[in-house]
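What follows is one structure encoded as structure tokens, with my remarks underneath.
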Ligand code: ZN
């Protein structure tokens with residue numbers, strides 16, 4: 009099959025497009041003929057590598073994908089063959105204490121498609137049967153692929169971990185990335201008032217169309233925490249969605265006493281200084297999470313399929329142009345998800 013893979017870490021130039029063996033589904037697994045894959049920042053980090061990350065080469069990147077099941081392994085219902093499905097890239101072992109408790113995103117043997125096993129920049133991928141979800145007839149597969157990772161991540165962080173309630177104020181730091189566009193919509197659906205800080209007017213316009221109530225352009229208002237406090241009558245927001253990381257100092261100031269800071273990533277880099285006095289002095293809760301358990305994935309994808317949550321796609325590239333797609337994502341100018349068309 010055709011795939012985009014790497015044989016060493018590095019910049020976009022290490023991506024190769026070529027032939028690799030088509031994978032065969034093992035016991036409990038299905039093979040999906042991919043129609044679309046979607047990019048995540050994670051793909052760039054896996055490509056670049058980090059200390060301790062060991063890949064088996066050639067390594068195929070990509071966490072998100074959707075397509076049609078074309079083969080099943082031993083023990084799997086053959087009725088799956090021919091079904092349109094979206095992949096849940098978050099793969100638990102199904103046997104450890106966390107998995108048995110329904111917390112498969114904390115699995116002791118946790119795997120992530122495109123990171124610890126072969127991913128979706130390919131014509132086919134093999135995953136456990138429990139990691140595919142049927143896509144309703146008529147729902148576009150590119151939207152299903154683009155939704156999977158970011159929507160489950162945002163839902164688990166805001167709803168399950170963050171305990172978001174109707175009437176609360178939510179600040180989203182960042183306007184246009186996949187998790188942020190998902191977070192804005194989930195917060196609105198939950199009945200919150202949403203404030204968005206974005207880097208320019210174009211990205212904020214997208215946030216507005218997704219339902220954001222208040223917009224702050226940080227290119228015009230670098231001390232944006234003051235504007236958040238002004239909007240909230242000097243109280244501060246109940247919840248901050250901060251997946252930048254380096255913005256924590258301002259997020260702490262923008263939160264109310266007893267506020268929750270939610271984080272699922274660090275687009276600004278992993279290490280930065282924080283002033284601990286804000287955490288105890290303001291009774292703040294710092295709540296981290298990665299991906300979601302299966303139950304949250306199914307819940308949020310149901311809302312996506314029902315049209316209650318919109319999937320924003322910036323641009324679709326052919327699989328063979330994965331390098332250009334990654335370069336586009338790395339520039340950070342995209343509005344929504346970057347997608348690969350596989351067939
Ligand atoms: Zn497990």
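Residue numbers (this note's numbering): 9 to 351. C-beta atoms are modelled at their ideal positions from N, C-alpha and C, and glycine is treated no differently.
By the CB criterion at 8 Å, residue 321 and residue 150 fall inside the cutoff. With three or more CB-CB distances shorter than 8 Å, the segment 247-264 counts as touching the segment 229-238. As DSSP reads the structure, residue 13 sits in a beta bridge with 24 and 68. Per DSSP, residue 260 has no beta bridge partner at all. Judged by DSSP in its simplified three-state form, residue 308 adopts helix. Between residue 248 and residue 179, the C-beta spacing is below 8 Å. In this structure, residue 24 lies near residue 13, with their beta-carbon atoms less than 8 Å apart. Distances between the C-beta of residue 102 and the heavy atoms of ligand 1 include at least one below 7 Å. Rounded to the nearest whole angstrom, the C-alpha separation of residue 55 and residue 313 is 31 Å. Taking C-beta atoms as the reference points, residue 69 and residue 51 count as a pair closer than 8 Å. Apart from sequence neighbours up to five positions away, the residues of its chain that approach residue 152 with a beta-carbon distance below 6 Å are 74, 94 and 143, ordered along the chain. Inclusion of residue 41 and residue 131 in the CB contact set at 8 Å is warranted, their separation being smaller than that value.
For residue 284, the number of other beta carbons within 10 angstroms of its own is below 16, and it is reported as exposed.
Using a cutoff of 7 Å, the CB of residue 116 counts as near ligand 1, since one of the ligand's heavy atoms is closer than that. In terms of CA proximity to residue 318, 158 leads the group 301, 200 and 158. Its chain contains 187, 272, 299 and 300 as the residues whose beta carbon lies nearer than 7 Å to that of residue 161, once the 5 sequence neighbours on both sides are disregarded; these appear in chain order. Rounded to whole angstroms, residue 113 and residue 46 show a C-alpha spacing of 20 Å. For residue 289, the enclosing alpha helix (DSSP H) begins and ends at 284-289.
DSSP, read as helix, strand or coil, puts residue 62 in coil.
In this structure residue 252 touches residue 182 by the C-beta definition: roughly 6 Å separates them, less than 8 Å. When the five nearest sequence neighbours on each side are left out, the beta carbons in the same chain lying within less than 7 Å of the beta carbon of residue 176 are those of 200, 246 and 247, in order along the chain.
Contact between residue 135 and residue 38 holds, since their C-beta atoms are separated by about 7 Å, short of 8 Å. Around the beta-carbon of residue 340, fewer than 16 other beta-carbon atoms lie within 10 Å, marking it exposed. Residue 336: not part of any beta strand (DSSP E); member of the alpha helix (DSSP H) spanning 330-339, first to last residue. Between residue 31 and residue 126, the C-beta spacing is below 8 Å. In the three-state scheme derived from DSSP, where H, G and I count as helix and E and B as strand, residue 189 is classed as helix.
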